[in-house]
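Reading through the structure tokens given below for one structure.
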Amino acid sequence: MTALDWVALLPAVIVLAAGLLVVAADVFLPSRGDRPGVSLVLLGFGGLGAAGFLLVQRLLAGRRAIEALGGSLVLDDLACLLSLAIVASTALLLLVANADTRRRNVAYGEYYGLVLACASAMMMLVASGDLLMIFLNLEILSIALYVLTGITRRNPRANEAAVKYLVTGAFATGFQLFGVALLYGATGSIRLAEIGAWLAAVGPTPLFETGLGLLIVGFAFKIGAVPFHMWVPDVYEGAPTTTTAFMSVTVKAAALGALIRVLLIAAPSHPELWADLMVAISIATMIAGNLIAIRQTSVKRMLAFSSIAHTGYALVALAAMQGTDGTFSAEAAATALFYLLAYSFMTFGAFIVLVYVGHEVKVEGRPPEWQDAEHIDDLAGLGSRRPWAAFAMTLFLVSLGGIPPTAGFFGKFLVFSEAVAQGHVWLAVIGVLASLVSMFYYLRVVVAMYMMPSVAADEQPEGSIAWAVGLSAAATLLLGIVPGRFVEWASRSIDLL
Amino acid sequence: MAELPVLSLITFLPAVAAVALAFVPDGREVKGGAFAGSVLVLVLSLVLLWQFEPPVPPALAYAEDMVWVESLGIHYRMGVDGISLLLIVLTALLSPLAMVISWKAIHQGEKGFHIALLLLQTAVTGVFAAADLFLFYVFWEVMLLPMALLIGIWGGPRRIYASIKFVLYTMTGSLLMLVAILYCWWVSGQAGAPTLEITALQSILPSLLPASVEMWLFAAFALSFAIKVPMFPFHTWLPDAHVEAPTAGSVILAGVLLKMGTYGFLRFAIPFFPEAAVAFTTPILILSATGIIYGSLMCMAQADIKKLIAYSSVAHLGFVMLGIFSGTVIGAQGGMIQMINHGISTGALFLLVGVIYERAHTRGVRDFGGLAKVMPVYATVFVIITLSSIGLPGLNGFVGEFLILLGTFQTAPVAAVVGAFGVVLGAIYMLTLVRHMFFGPLPERWATLPDVTTAELATLVPLVAVAVLVGFVPTPFLALTEAPITHAIGALNQTATLAAAVAP
Numbered sequence: 288m289t290a291l292d293w294v295a296l297l298p299a300v301i302v303l304a305a306g307l308l309v310v311a312a313d314v315f316l317p318s319r320g321d322r323p324g325v326s327l328v329l330l331g332f333g334g335l336g337a338a339g340f341l342l343v344q345r346l347l348a349g350r351r352a353i354e355a356l357g358g359s360l361v362l363d364d365l366a367c368l369l370s371l372a373i374v375a376s377t378a379l380l381l382l383v384a385n386a387d388t389r390r391r392n393v394a395y396g397e398y399y400g401l402v403l404a405c406a407s408a409m410m411m412l413v414a415s416g417d418l419l420m421i422f423l424n425l426e427i428l429s430i431a432l433y434v435l436t437g438i439t440r441r442n443p444r445a446n447e448a449a450v451k452y453l454v455t456g457a458f459a460t461g462f463q464l465f466g467v468a469l470l471y472g473a474t475g476s477i478r479l480a481e482i483g484a485w486l487a488a489v490g491p492t493p494l495f496e497t498g499l500g501l502l503i504v505g506f507a508f509k510i511g512a513v514p515f516h517m518w519v520p521d522v523y524e525g526a527p528t529t530t531t532a533f534m535s536v537t538v539k540a541a542a543l544g545a546l547i548r549v550l551l552i553a554a555p556s557h558p559e560l561w562a563d564l565m566v567a568i569s570i571a572t573m574i575a576g577n578l579i580a581i582r583q584t585s586v587k588r589m590l591a592f593s594s595i596a597h598t599g600y601a602l603v604a605l606a607a608m609q610g611t612d613g614t615f616s617a618e619a620a621a622t623a624l625f626y627l628l629a630y631s632f633m634t635f636g637a638f639i640v641l642v643y644v645g646h647e648v649k650v651e652g653r654p655p656e657w658q659d660a661e662h663i664d665d666l667a668g669l670g671s672r673r674p675w676a677a678f679a680m681t682l683f684l685v686s687l688g689g690i691p692p693t694a695g696f697f698g699k700f701l702v703f704s705e706a707v708a709q710g711h712v713w714l715a716v717i718g719v720l721a722s723l724v725s726m727f728y729y730l731r732v733v734v735a736m737y738m739m740p741s742v743a744a745d746e747q748p749e750g751s752i753a754w755a756v757g758l759s760a761a762a763t764l765l766l767g768i769v770p771g772r773f774v775e776w777a778s779r780s781i782d783l784l
Numbered sequence: 021m022a023e024l025p026v027l028s029l030i031t032f033l034p035a036v037a038a039v040a041l042a043f044v045p046d047g048r049e050v051k052g053g054a055f056a057g058s059v060l061v062l063v064l065s066l067v068l069l070w071q072f073e074p075p076v077p078p079a080l081a082y083a084e085d086m087v088w089v090e091s092l093g094i095h096y097r098m099g100v101d102g103i104s105l106l107l108i109v110l111t112a113l114l115s116p117l118a119m120v121i122s123w124k125a126i127h128q129g130e131k132g133f134h135i136a137l138l139l140l141q142t143a144v145t146g147v148f149a150a151a152d153l154f155l156f157y158v159f160w161e162v163m164l165l166p167m168a169l170l171i172g173i174w175g176g177p178r179r180i181y182a183s184i185k186f187v188l189y190t191m192t193g194s195l196l197m198l199v200a201i202l203y204c205w206w207v208s209g210q211a212g213a214p215t216l217e218i219t220a221l222q223s224i225l226p227s228l229l230p231a232s233v234e235m236w237l238f239a240a241f242a243l244s245f246a247i248k249v250p251m252f253p254f255h256t257w258l259p260d261a262h263v264e265a266p267t268a269g270s271v272i273l274a275g276v277l278l279k280m281g282t283y284g285f286l287r288f289a290i291p292f293f294p295e296a297a298v299a300f301t302t303p304i305l306i307l308s309a310t311g312i313i314y315g316s317l318m319c320m321a322q323a324d325i326k327k328l329i330a331y332s333s334v335a336h337l338g339f340v341m342l343g344i345f346s347g348t349v350i351g352a353q354g355g356m357i358q359m360i361n362h363g364i365s366t367g368a369l370f371l372l373v374g375v376i377y378e379r380a381h382t383r384g385v386r387d388f389g390g391l392a393k394v395m396p397v398y399a400t401v402f403v404i405i406t407l408s409s410i411g412l413p414g415l416n417g418f419v420g421e422f423l424i425l426l427g428t429f430q431t432a433p434v435a436a437v438v439g440a441f442g443v444v445l446g447a448i449y450m451l452t453l454v455r456h457m458f459f460g461p462l463p464e465r466w467a468t469l470p471d472v473t474t475a476e477l478a479t480l481v482p483l484v485a486v487a488v489l490v491g492f493v494p495t496p497f498l499a500l501t502e503a504p505i506t507h508a509i510g511a512l513n514q515t516a517t518l519a520a521a522v523a524p
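Chains as they are written, first to last, in the numbering used here: chain W, 288 to 784; chain V, 21 to 524.
This is the structure we're talking about:
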């Protein structure tokens with residue numbers, strides 16, 4: 288391996304190393320009762336911080352892309368931007384994880400290790416330059432997630448969720464691997480750039496089309512797009528809320544990022560092969576996600592459906608890469624990137640407020656390690672008992688609903704403006720009507736928080752969770768009010784592909 | 021004062037006060053701080069009005085322009101003309117009054133209440149001060165949540181229903197408008213750099229858009245504004261919202277929020293899409309006239325004073341729409357004056373209802389009688405405001421209604437006749453209300469009702485003063501709005517043609 292390889296690998300490797308060191312330190316360092324030692328916390332945040340620093344530095348300096356491992360790994364702006372989102376949300380998760388693992392009786396060493404390994408795999412995923420690398424990293428992160436889903440071992444719902452996730456995940460993996468194999472058979476290469484060149488020269492064959500279709504199906508499973516979304520509500524609802532937040536935000540952003548790279552590098556010359564499919568999937572995802580969310584009384588499940596709906600909005604941007612006149616425009620993908628950034632913080636924040644409330648209320652008849660605030664009644668009266676938490680939750684919900692001045696509004700503004708500019712006016716109309724529907728169920732939570740009498744809640748959640756909520760809220764507002772820098776990064780990372 | 025970003029100051033001062041209040045413990049300081057903040061804004065906006073030199077349309081005064089998102093060409097632009105400045109002053113006038121009237125009415129969560137009121141003020145002022153479509157849309161949407169919370173937390177028994185209905189109705193329109201805005205943005209990019217600057221769009225959009233597209237875009241904008249106005253048949257959210265909202269919420273809602281809709285027609289829908297506006301004139305006139313009659317008839321049937329006043333808003337805003345779409349400068353100016361009038365008199369009526377509800381805890385029209393004996397001052401103010409509302413010469417309502425009917429009669433005589441009939445109906449229902457409340461036998465249980473307090477009187481006197489002022493000297497207000505109104509109704513304007521036809 289050359290020095291350049293190491294530079295490209297460095298951010299992901301730092302995070303992975305931090306994860307491994309945490310596991311080792313947990314075993315060898317003396318136990319500190321039920322609190323994670325300072326060394327563990329330092330290792331976790333130190334690793335993420337160092338990786339984040341490297342990534343920000345690259346983005347600010349506008350460095351050239353580095354190819355590593357013979358082109359299997361490409362550290363370009365796209366990879367840096369998405370990795371930064373991954374690092375940021377992982378750091379937020381670790382902030383919550385301290386208090387949460389203790390409450391759930393989960394060994395924090397394991398938890399830290401798994402989360403960091405997962406984050407490292409995601410960072411490699413968004414930088415993957417060939418199909419096998421994509422497949423490998425998707426598998427690594429999936430396996431870590433199966434464990435994280437079922438990490439509260441004695442909780443039957445979490446176990447059920449983990450098994451469901453494993454089975455459907457394996458199913459999706461099958462599709463994906465088959466797709467990779469067919470693409471290799473058709474083009475003779477697994478390198479995205481070479482596939483793109485082959486497609487431009489030879490044109491699509493039935494074998495290629497089938498392979499690409501199967502690959503997209505595999506991705507659709509991972510990001511929870513309709514009709515491959517069936518696992519999402521059950522798994523999101525059963526998993527511990529912290530894991531749910533991680534899955535719905537970080538993993539989705541990483542998988543969508545990889546999908547963008549595949550489409551833009553391997554198949555830009557024939558957008559008609561996939562853009563119409565994206566139109567159909569995005570419409571189905573927006574409509575189904577929002578309509579089913581209306582019926583939910585569990586906020587956690589409601590947020591799961593809402594996260595499906597938001598996948599749909601992001602896919603609108605991918606659909607808009609092909610204009611109605613058949614022209615191809617990569618710029619639309621940049622709006623999807625911004626949308627992912629916005630989505631990350633607002634959704635993460637909303638889930639973390641649920642964690643916060645879960646640490647506050649006691650549900651009769653359930654041991655504390657299983658407890659999650661889920662039902663809408665748990666949030667009743669939050670406005671009077673915890674005004675700041677309620678304010679933050681309102682901000683996240685308003686952002687999810689697409690009301691300014693929040694990240695969610697600006698994201699939707701960008702995505703739908705791209706759709707309109709490419710001639711997909713009806714797609715934008717369906718999108719805004721879908722967000723109108725979503726306002727109804729987001730409002731119900733606001734109503735519960737501010738307009739219902741408070742439930743009994745005597746425990747004081749730890750300050751670190753409040754910090755995670757506050758940071759997410761700050762990011763949600765920041766991306767909504769001064770989005771300039773991030774918009775530039777997003778469009779530059781697509782331009783440089 | 022040219023260097024000071026005075027519009028931003030007026031707009032964001034309430035929001036800054038709101039953020040500051042969040043860190044102050046609940047108590048007297050909160051009320052004092054919020055009131056001081058809103059009075060400061062009132063003073064600033066009056067100074068602005070005093071110093072205002074009307075710009076030549078389409079130019080805007082006190083213009084601010086800063087780059088917001090450079091790569092997308094989105095700017096932060098503020099600016100006012102006579103139309104928007106009057107509405108800003110109206111907002112600034114009603115906000116402190118709404119606070120004073122709430123000091124006694126709101127007993128829990130005063131801090132949150134004041135924060136919501138202040139944020140609402142920022143959003144509404146921003147809507148009128150924005151000179152960029154993106155910024156306008158941001159303020160337009162930001163307004164939703166504070167208003168929804170005001171209704172939903174501090175409102176009456178069916179407050180949650182009313183609050184959700186308010187948000188969903190408004191968003192239905194505004195989200196479709198968002199798509200239309202995005203389309204305008206894209207179209208403007210076809211003729212150079214994409215822009216959302218309002219004056220730029222006013223000059224380039226009419227020539228860029230094919231007729232069929234223009235119809236759709238006008239429909240999207242018009243739907244959003246028609247819901248807000250609210251025009252019949254999009255009005256059903258209004259009675260619910262008004263009846264459930266606390267007094268302060270009703271005052272702001274009726275006083276300024278509804279004007280956002282009519283303002284939208286004047287500033288965006290008509291100048292952006294003149295051909296479509298001409299094509300839609302007849303249906304809009306029909307709906308406006310229907311709204312006047314329907315609103316008045318509904319008023320006659322109401323047993324709840326607040327609901328009665330809410331329906332009277334439907335009728336009055338019908339007049340405003342009639343004036344704007346009359347196609348004459350004089351009618352549209354009447355509509356503009358009527359927007360201010362409605363803010364003054366309906367705002368005052370809601371304050372008055374709040375006063376009596378605080379004492380009697382009922383709003384039933386027939387629960388009262390003979391109140392003039394025990395509450396003479398209250399009765400006097402109520403009658404003055406009633407007369408202003410039904411258009412008695414010498415008070416503000418007359419000026420507005422007269423000009424509207426004068427303008428409308430030249431172009432759409434049938435609508436003018438229907439409107440004039442509505443004036444009669446208005447007199448009937450308002451005077452019936454006055455008779456029921458203040459005259460006849462006084463029920464035993466109201467024999468000890470105290471008259472208005474000094475604080476309550478202090479909220480009412482400014483509104484009565486403005487009503488008399490506009491009634492006797494409407495000229496400065498008309499002068500302020502003539503040029504921008506003429507510019508705004510552009511293609512609708514038939515005044516010149518009419519004059520030519522009459523000329524020998």
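Here a beta-carbon is modelled for each residue, glycine too, at the ideal position from N, C-alpha and C.
Asked, Found
"Could one say the Cβ of residue 183 of chain V lies closer than 9 Å to chain W's Cβ atoms, at least one of them?", "yes"
"Taking the C-alpha atoms as reference points, what is the distance between residue 706 of chain W and residue 366 of chain W?", "24 Å"
"Is the distance from the Cβ of residue 755 of chain W to the Cβ of residue 330 of chain W below 9 Å?", "no"
"Curious, which full-length beta strand (DSSP E) runs of at least 3 residues does the region 236-320 of chain V contain?", "none"
"Considering only their Cβ atoms, is the gap separating residue 238 of chain V from residue 296 of chain V smaller than 9 Å?", "yes"
"Measure the CB-CB distance between residue 148 of chain V and residue 192 of chain V and report whether it falls below 9 Å.", "no"
"According to DSSP, which residues form a beta bridge with residue 481 of chain W?", "The partner list for residue 481 of chain W (beta bridge, DSSP) is empty, contrary to what the question assumes."
"Tell me the rounded alpha-carbon separation between residue 400 of chain V and residue 175 of chain V.", "28 Å"
"What alpha helix (DSSP H) runs, 4 residues minimum, are completely inside the region 508-536 of chain W?", "518-525, 528-533"
"Taking the beta carbon of residue 22 of chain V as the centre, do at least 16 other beta carbons fall within 10 Å, making it buried, or is it exposed?", "Note that residue 22 of chain V scores a pLDDT of 49, beneath 50, so its modelled location is shaky and nothing firm can be said."
"Would residue 517 of chain W be called buried (16 or more neighbouring beta carbons within 10 Å of its own) or exposed?", "exposed"
"Would residue 460 of chain V pass as a contact of residue 389 of chain V if the rule is Cβ separation under 9 Å?", "yes"
"Counting only Cβ pairs nearer than 8 Å, list the residues of chain W close to residue 91 of chain V.", "771, 774, 775, 778"
"Any idea if residue 340 of chain W is buried or exposed, counting beta-carbon neighbours within 10 angstroms, 16 or more meaning buried?", "exposed"
"For residue 510 of chain W, count neighbouring C-beta atoms within 10 Å of its own C-beta (all shown protein chains included) and say buried if the count is 16 or more, exposed if not.", "buried"
"Could you have a look at residue 609 of chain W and say whether DSSP puts it in helix, strand or coil?", "strand"
"Under three-state DSSP, which class holds residue 746 of chain W?", "coil"
"Counting C-beta neighbours from all protein chains within 10 Å, is the total for residue 36 of chain V 16 or more, i.e. buried, or is it exposed?", "exposed"
"Between residue 278 of chain V and residue 337 of chain V, how many whole angstroms is the CB-CB distance? I'm expecting something under 8 Å.", "6 Å"
"Would you please verify whether the beta carbon of residue 206 of chain V is less than 9 Å from any beta carbon of chain W?", "yes"
"Going by beta carbon distance, what residues of the same chain come within less than 6 Å of residue 406 of chain W, once the five residues before and after it are set aside?", "302, 373, 377"
"At 7 Å on the CB atoms, spell out the chain V contacts of residue 615 of chain W, in chain order.", "Here the premise fails: no neighbours, minimum Cβ distance about 17 Å."
"Using a Cβ-Cβ distance under 9 Å, would residue 301 of chain W count as near chain V?", "no"
"Rounded to a whole number of angstroms, what is the C-alpha to C-alpha distance between residue 408 of chain V and residue 206 of chain V?", "46 Å"
"Name the residue from W:641, W:535, W:715, W:697 whose alpha carbon lies nearest to the alpha carbon of residue 679 of chain W.", "W:641"
"Which residues of chain V have a Cβ atom closer than 9 Å to the Cβ of residue 605 of chain W, listed in chain order?", "Near residue 605 of chain W there are no residues of chain V at all, since even the closest Cβ is about 18 Å away, more than 9 Å."
"Return helix, strand or coil for residue 444 of chain W, following the three-state DSSP convention.", "helix"
"I'd like to know whether the C-beta of residue 238 of chain V is nearer than 9 Å to at least one C-beta of chain W.", "no"
"For residue 319 of chain V versus residue 328 of chain V, is the C-beta distance shorter than 9 Å?", "yes"
"Any beta-carbon of chain W closer than 9 Å to the one on residue 168 of chain V?", "yes"
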